[in-house]
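So the structure is just underneath, and the comments pick up after that.
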Amino acid sequence: MRHRQGFRDLESHLDDLRRRDMYRVRRSLEGPQGREVMVNGRPLLNFCSNDYLGLAGDPRIAAAFKRGVDRWGTGAGASHLICGHTAAHEELEEALAEFTGRPRALLFGSGYAANVGVINALLSVGDFVFEDRLNHASLLDGGWISRATFCWFEHRDTADLDAKLAAVRNQPTRKLIVSDGTFSMDGDPCSLDELVALAKQHVAWTMIDDAHGMGVHGANGVGSVDPERYSTADVAVLVGTLGKAFGTAGAFVAGEEALVETLIQRSRNYIFTTAMPSALAVATLESLAVAQAESGRREHLAALIARFRSGTRELGLKLMPSTSPIQPVVVGDPARALALSRALEQRGFLIGAIRPPTVPEGTSRLRVTLTAAHLACDVDRLIESLNELSACAAPDKAPGRSVPIPN
5 MRHRQGFRDL
15 ESHLDDLRRR
25 DMYRVRRSLE
35 GPQGREVMVN
45 GRPLLNFCSN
55 DYLGLAGDPR
65 IAAAFKRGVD
75 RWGTGAGASH
85 LICGHTAAHE
95 ELEEALAEFT
105 GRPRALLFGS
115 GYAANVGVIN
125 ALLSVGDFVF
135 EDRLNHASLL
145 DGGWISRATF
155 CWFEHRDTAD
165 LDAKLAAVRN
175 QPTRKLIVSD
185 GTFSMDGDPC
195 SLDELVALAK
205 QHVAWTMIDD
215 AHGMGVHGAN
225 GVGSVDPERY
235 STADVAVLVG
245 TLGKAFGTAG
255 AFVAGEEALV
265 ETLIQRSRNY
275 IFTTAMPSAL
285 AVATLESLAV
295 AQAESGRREH
305 LAALIARFRS
315 GTRELGLKLM
325 PSTSPIQPVV
335 VGDPARALAL
345 SRALEQRGFL
355 IGAIRPPTVP
365 EGTSRLRVTL
375 TAAHLACDVD
385 RLIESLNELS
395 ACAAPDKAPG
405 RSVPIPN
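Counting from 1 along the sequence shown, just add 4 to a position and that's the residue number in this note's numbering.
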């Protein structure tokens, strides 16, 4: 029986993670986000950040943050529904609604809080939630916590989704189709047109978390759910995060008036959480303006993505079908992924090794992410180093054994 000894087995579980090369370790950076980051007094080219537009260290946004602190102080003091909601929050919500082409937007403290809070507010016992198998953990947790009947569908497999929707066609309760816009570990897009069509056919709602697409894709960086193509009748719930391409922190949900008001009344993650600092809202207003105005950042980023894919393809490395800044190099074995990550760090690169359970067994990878702050020569250096390491010996499968990597 599991946990027969209560909590006395914690250390043995940690030891097991170490043996299987699954143990996660934090590292402390010694400076701001950017093209380079300082780790243990050493500059490393940063190829693992979600700061896709290179705005997290932008001095204009930092200056806006300082102005916000001068005007509003450092903390909100309470939740939005008590006394934490300010004119700065209101202005940012209005700007985000206009940006996404939707009637309303509602701020949340994080993308995780938004996803869990939305699904849990909309669904309950007797309802149905349909989730892509590779959805972000926050979307999956939201589905499970809601107590609705949880239904997987295979990754981007709309035929599988159609069959599962058809199986509950006569159920009169709510049905919610949930997907990432751009998948965080593979970098590929959802089949949005097909999801929208199936939702209409089966009288369901569609919810898209565009955390990794907003700011990067679409006209002015509007993301995967372009309001010129998709109305709230097509995608009823749109979630965006502010800590990736926009370089600050927090998240928002955009949709119709009734959706936003329902979340204000029912979303526990909104009702019972202190509001983000107003100064952060001021900084995000600045980053939103920069992201929309400076299309050259997206053009440069697209060129870097094409350069990386072309160069690695010539090396015969296994890439995912991604045109996003997320360019995973799949190596399979977790020990091999760790060894490659360490070898690249020795060569001056910071790239994380992603292992199960974050990704499926047998698909451990280097999750390379490109940003507008990178230079073409940075990408070329990375490709050259990957070429040098591509002849590494196959990993020794014995537990605890490391993969030999050339110096």
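C-beta: ideal position from N, C-alpha, C; glycine also. The structure presented is a predicted model; accordingly, all values stated were derived computationally and were not measured.
Residue range of the unbroken beta strand (DSSP E) whose run includes residue i
i       : result
Lys-179 : 179-184
Gly-244 : 241-245
Phe-213 : According to the sequence shown, residue 213 is Asp rather than Phe. Residues 209-213.
Thr-90  : Counting along the chain, Thr-90 falls outside any beta strand (DSSP E), and DSSP gives it neither H nor E.
Whole-Å CB distance - residue i paired with residue j, under 8 Å assumed
i       : j       : result
Arg-39  : Val-264 : Incorrect: roughly 37 Å between the Cβ atoms, too far for contact.
Val-485 : Leu-305 : A query on residue 485 cannot be resolved here, the shown segment of the chain reaching from 5 to 411 and no further.
Ser-368 : Arg-359 : 5 Å
Met-280 : Gly-113 : 6 Å
Ser-282 : Gly-72  : 6 Å
Ser-53  : Thr-278 : Ser-53 to Thr-278, Cβ: 26 Å. No contact.
Val-172 : Met-211 : About 17 Å separates the two Cβ atoms, so there is no contact after all.
Phe-276 : Ser-83  : 7 Å
Asp-136 : Asp-184 : 7 Å
Per-residue DSSP class, three states only, for residue i
i       : result
Ala-68  : helix
Ser-83  : strand
Thr-288 : helix
Phe-187 : coil
Glu-135 : strand
Pro-193 : strand
Arg-24  : coil
Leu-59  : coil
Cys-381 : helix
Leu-33  : strand
Asp-19  : helix
Asp-164 : helix
Val-200 : helix
Leu-14  : helix
Asn-224 : helix
Val-294 : helix
Val-73  : helix
Val-172 : coil
Thr-236 : coil
Ala-99  : helix
Ser-53  : coil
Val-264 : helix
Gln-9   : coil
Ala-152 : coil
Ala-283 : helix
Proximity test, residue i beta-carbon vs the ligand ADP heavy atom, cut-off 8 Å
i       : result
Phe-250 : No copy of the ligand ADP appears in this structure; indeed no ligand is present at all.
Those residues which DSSP pairs with residue i across a bridge
i       : result
Arg-46  : Val-43
Arg-108 : Gly-259
Leu-393 : Per DSSP, none; premise fails for Leu-393.
Phe-157 : Asp-136
Range of the contiguous alpha helix (DSSP H) that encloses residue i
i       : result
Thr-277 : No alpha helix (DSSP H) holds Thr-277; DSSP gives it neither H nor E.
Gly-146 : 141-149
Leu-126 : 115-126
Mind pulling the beta strand (DSSP E) runs of 3 or more residues that sit fully within the region 296-377?
330-336 and 368-373
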